[in-house]
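Using my numbering, the letters of the sequence shown map in sequence onto residues 44 to 335.
Glycine included, C-beta positions come from ideal geometry on N, C-alpha and C.
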Amino acid sequence: MKRIILFTFFTVFLFTNIICHAQSIVADPANVAVGLHSTQLPYFPFNIAKSETLDSAAVSVTYKATYLDYSVKDEETKVDDIMCLQLGQNVSKFFSTNLDNLDRFKTFKEKRTAKMRQNYLPYIIYRNEGEICVVNREPFEVDMVQEYSEKVKSPNWKILDETEKIIGYDCNKAIAEFRGREWTVWFCTDLPFNNGPWKLQGLPGLILKAVDSTEEYAFEAIEIVQDTKVITKPLWKTNKTTYKKWKRLDEAYHKSPHFYFSKGGERKIFNALTSEDFTEDWTIPYNPIELK
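Laid out in structure tokens, this is it:
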């Protein structure tokens, strides 16, 4: 049996090529064994050659996202990603700049600055007049996404008499429960955007910092610049779904990864660190930002 180790992500372009051209490598996928990390869903760079323009950005905000994850040795750890919030006249876009950089390197051979990792935040969030569209990359797939739209109600914020300066901006503090987590945020009324990182919104100013009460998820602005770049949406193979269906699928990816990554048992998958075959009771730690 031929064993292909896709786990490292340091060889991202090798395994992306393997996945894109799997049929030319071996006629029978059952004769290929794939090595994966036991604690992480694998997300690959996508091709972004085809896209549609939604708006033009006026301002771009760069956030450092920090979140709880698990190392390849099954150790709980904090990791980070750099996110960008593009603010246009009608549309905003929130996405991982690291994944975008890897996409651009793969598609256009632009200079790669992002590290080869498979646990960057794999979603893009578009917001337009109270409705958001969330595009989630399919794990262990190339150029395939799950997409849903929803009208998100603003949290019932309680504005407190506390202030903090963030990258030179005076910010006010607010707290609220949202999607199962207690959030503390700092927003700036001098930046009159009803927007913020991830799905957070509903305050009289842009949210520059957000931390959940467990400190498992946090976002903090590190740069704000005027921008003239277009806001684009890549044209990937898309499965339109709903928020509830996506939540069930995302949970299933973690609770039943053997079924999904082995293609229902058609493909052999093994632990890249131990070389032991994964069994059907294999699970991946599940700690989503949205608990409900």
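Residue range 94–113 is occupied by the beta strand (DSSP E) that includes Ala108. Residue burial is scored here from C-beta neighbours: Asn199 has fewer than 16 other C-beta atoms within 10 angstroms and is therefore classed as exposed. Of all alpha-carbon atoms in Tyr166, Lys306, Asp204, the one lying nearest the alpha-carbon of Asp186 is that of Tyr166.
Shown here, Glu258 sits in coil according to DSSP, grouped into three states, outside any helix or strand. A Cβ-Cβ separation of about 12 angstroms leaves Pro240 out of contact with Leu130 under the 8 angstroms criterion. Per the coordinates, the alpha-carbon of Trp279 lies some 15 angstroms from the alpha-carbon of Tyr169. Counted as a single uninterrupted DSSP element, the alpha helix (DSSP H) harbouring Thr140 occupies residues 140–151.
Three or more Cβ pairs drawn from the segment 226–236 and the segment 201–217 lie within less than 8 angstroms of each other, which places the two stretches in contact.
Cα atoms of Lys152 and Asp143: separation of roughly 12 angstroms, rounded to the nearest angstrom.
Residue environment for Ala253: buried (at least 16 other C-beta atoms within 10 angstroms of its C-beta). Assigned with DSSP and collapsed to three states, Ala264 falls in strand. Around the beta carbon of Asp98, a 10 Å sphere encloses 16 or more other beta carbons of the protein chains shown; the residue is thus reported as buried. Judged by DSSP in its simplified three-state form, Pro85 adopts coil rather than helix or strand. Taken atom to atom, the span from the alpha-carbon of Thr140 to that of Tyr163 is near 9 angstroms. Note: Met187 is bridge-paired with Lys280 in the DSSP secondary-structure output.
If you draw a straight line from the Cα of Ile327 to the Cα of Pro300, it comes to about 7 angstroms.
In this chain, Lys306 is not harboured by any alpha helix (DSSP H), its DSSP state being neither H nor E. Pro277 places its beta carbon less than 8 angstroms from that of Ser94.
One Cα belongs to Phe262, the other to Ile209, and the distance between them is close to 12 angstroms.
In the assembly as shown, Ile125 is a buried residue. Its beta-carbon has 16 or more other beta-carbons within 10 Å.
Residue pairing for Ile202: DSSP places it in a beta bridge opposite Ala217. Between the alpha carbons of Val195 and Asn179 lies a distance of about 17 angstroms. The alpha-carbon separation between Tyr212 and Leu243 amounts to approximately 19 angstroms.
Checking the DSSP bridge columns, you'll see Phe236 has no partner listed. Burial state of Asn133 is exposed, judged by a 10 Å Cβ sphere holding fewer than 16 other Cβ atoms.
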